[in-house]
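Comments concern the structure below.
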Amino acid sequence: MLSICFVAIAAVPRDPVVAGLAFLAVGILAGGTLPPAFASIVVGWFDRFRGLALGATMLGVGVGAAVFPILAAQITEHFGWRITALSFAGMVFAVALPIAIVFLRPFSEPMAAPANGRAAGSRFDWSAFRTPRTWLMLAFAFFTGAVLVSCVANFVPLLMARNLSLTDAATYQSLLGAAILVGRLAGGAAFDRIFAPRVMATILLITAGGLLTLQFGSSSFAFAVAALGIGLSIGAEVDFLGFMISKYFDRSVFTTMFSLMFASYSLGATGGPIVFAALASRTGNYDLALTMCWSSIAVLMIAILFLPRYNSAQRAV
């Protein structure tokens, strides 16, 4: 269906309403390709190395997000946007669809019992929302999405406001991108070995320190530490959510819970950059926005340490 929608986009007339409906359909159908969908398969197949497996899976998302906008721009520049849409339709049909059919199979055996001790079932148990940990994780998803995406979106303009050239600012942005990849894999592997909230709190401590250093410093060290801290947290946060949900809830409701968490994250990621830019525009600098960012990260760092222990029973993989 997603491939068909891309074909439809390529065929739409120059009508903004029709084009808007086509893009809306792509957005709805593409929801099935977001992290909650394939993470549910990962948590079924992996137990002992679940964090690393989630990190490796999310790594593919990050690489795709980095590569495909450039690819789309090149195709559009040389052949036009309709050919770009047809190219994406072909890639979905010829590459993604066969992989999904052949390799993406759910694990047939039940998971280890979740922390709440409830048996697997086909109905979603809304009593999960009567527990503080669910709301804490929703808040974590929202505020990390708001803060970290704001930092990424405004990182280059912020550095240029510190008198860096676009080229130099882009260099630190590349460091941030590399840190995201490290955060995906290293964070995921650490979740398998150490109580995950402690790992995530340590990463958030680095992030808060980097943002604080960036606020009061204009040296290469400050820029590098900030890039490292932001990147590590961006890389680890969604893996952390998926890992914790798999430990706290039965696999039968994993996709629903992860979708809710990811929706909270996306909501924060949508509004956060707008607030960040508005604060910078109103005050004439980034100091207030940075203060709100590192202080929010510090609060989240402390808050997740109150998450309860989860079941540590593991299979061989």
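Using this note's numbering, the final residue of the sequence shown is 606, and nothing's skipped along the way. No residue lacks a Cβ here, since even glycine has one placed at the ideal position from N, Cα and C. Here the structure is a predicted model, which means the values were calculated and not measured.
Among the candidates the options, whose CA atom is the shortest distance from the CA of residue i?
| i | options | result |
| --- | --- | --- |
| M426 | K536, L494, A511, N452 | K536 |
| L448 | I591, V356, Y599, Q504 | Q504 |
| A592 | T346, I364, E366, A428 | A428 |
| A621 | G349, L589, A314 | Because the chain here runs from 290 to 606, residue 621 falls outside it and cannot be looked at. |
| Q462 | A569, V514, A485, T346 | V514 |
| P597 | T346, I534, G518 | I534 |
| V332 | R540, W424, R487 | R540 |
| L500 | A468, D576, T491, V488 | D576 |
| N600 | L579, F312, I483 | I483 |
| A450 | F335, N574, S548 | N574 |
| M590 | R487, V542, T502 | R487 |
| A458 | C440, I469, V445 | V445 |
| M347 | P421, Q363, L360, I330 | I330 |
| V441 | A311, S292, I563, T572 | I563 |
| T423 | S548, R571, A578, V381 | S548 |
| W415 | L579, F543, S570 | F543 |
| G518 | L470, A485, T559 | L470 |
Helix, strand or coil for residue i? Go by DSSP, reduced to three states.
| i | result |
| --- | --- |
| R451 | coil |
| I492 | helix |
| S507 | coil |
| A402 | Low confidence applies to A402: its pLDDT is 48, below 50, so where it sits in the model is not reliable enough to give any reading. |
| G573 | coil |
| V588 | helix |
| P597 | coil |
| F335 | coil |
| D528 | helix |
| G369 | coil |
| R487 | helix |
| G518 | helix |
| R540 | helix |
| P302 | coil |
| A409 | Residue confidence is low: A409 scores 46 on pLDDT, short of 50, so the model does not pin down where it sits. Its coordinate-derived value is still stated next. A409: coil per DSSP, three-state reduction. |
Can you give the beta carbon distance from residue i to residue j, rounded, assuming they're within the 8 Å contact cut?
| i | j | result |
| --- | --- | --- |
| G531 | G472 | That pair is no contact at about 14 Å. |
| V296 | L386 | Between L386 and V296 the Cβ distance is about 14 Å, and since that is not below 8 Å, they are no contact. |
| V438 | G561 | 6 Å |
| F538 | M546 | 5 Å |
| N443 | A566 | 7 Å |
| A516 | L465 | 4 Å |
| L474 | G344 | 5 Å |
| V315 | C294 | 5 Å |
| S522 | I492 | 5 Å |
* **Stretch-stretch touch, CB-based, cutoff 8 Å, three pairs: the stretch 431-447 with the stretch 515-531** => yes
* Asked: Touch check for the stretch 548-558 and the stretch 359-376: three-plus C-beta pairs under 8 Å?
  -> no
* Could you say if the stretch 461-480 and the stretch 325-341 meet the contact criterion of at least three C-beta pairs nearer than 8 Å? => yes
* **At least 3 beta-carbon pairs within less than 8 Å: the stretch 294-310 vs the stretch 505-516** => no
* Spell out a yes or no on whether the stretch 564-584 and the stretch 489-505 are touching, meaning 3 or more CB-CB pairs, one atom from each, closer than 8 Å. => yes
* Mind listing, in chain order, the continuous beta strand (DSSP E) runs of no fewer than 3 residues lying wholly within the stretch 421-482? => none
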